[in-house]
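Undergrad:
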Amino acid sequence: MSDGLFRKAKTVNQLILLSTSACHLCEQAEALLQQLDITYQKIDIAEQEQWQ
Numbered sequence: 017m018s019d020g021l022f023r024k025a026k027t028v029n030q031l032i033l034l035s036t037s038a039c040h041l042c043e044q045a046e047a048l049l050q051q052l053d054i055t056y057q058k059i060d061i062a063e064q065e066q067w068q
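Mapping of the sequence shown onto the numbering used here: residues 17 to 68, in sequence order.
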């Protein structure tokens with residue numbers, strides 16, 4: 017078989033941390049992401065009209 021037939025797929029994943037103020041689990045999750053140097057986007061759900 018030709019090596020050209022099988023190629024590793026390149027995927028781009030985006031991690032989104034849904035958070036709110038005074039949420040100790042959110043704070044722990046964010047601290048772990050920072051410790052592991054994982055890029056993420058943080059969204060405060062209290063500021064999002066669709067989640068209120």
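Beta carbons: idealized from backbone N, C-alpha and C, even for Gly.
If you're wondering where the values come from, they're calculated on a predicted model, not measured in any experiment.
For the alpha helix (DSSP H) containing Leu-52, name the first residue and the last one.
TA: The sequence position of residue 52 within the sequence shown is 36, counting from 1. No alpha helix (DSSP H) contains Leu-52, which DSSP labels as neither H nor E.
Undergrad: With distances taken Cα to Cα, identify the nearest neighbour of Asn-29 among Ile-61, Asp-60, Tyr-56.
TA: For the purposes of this step, residue 29 is taken as residue 13 along the sequence shown, with counting starting at 1. Out of Ile-61, Asp-60, Tyr-56, Tyr-56 has the C-alpha closest to the C-alpha of Asn-29.
Undergrad: Is the beta carbon of Thr-36 sitting closer than 8 Å to the one on Ile-61?
TA: Against the sequence shown, residue 36 aligns to sequence position 20. Against the sequence shown, residue 61 aligns to sequence position 45. Cβ atoms of Thr-36 and Ile-61: closer than 8 Å.
Undergrad: Taking the DSSP output, what are the residues bridged to Leu-41?
TA: Here residue 41 refers to the residue found at position 25 of the sequence shown. For Leu-41, which the question treats as bridged, DSSP gives no partner whatsoever.
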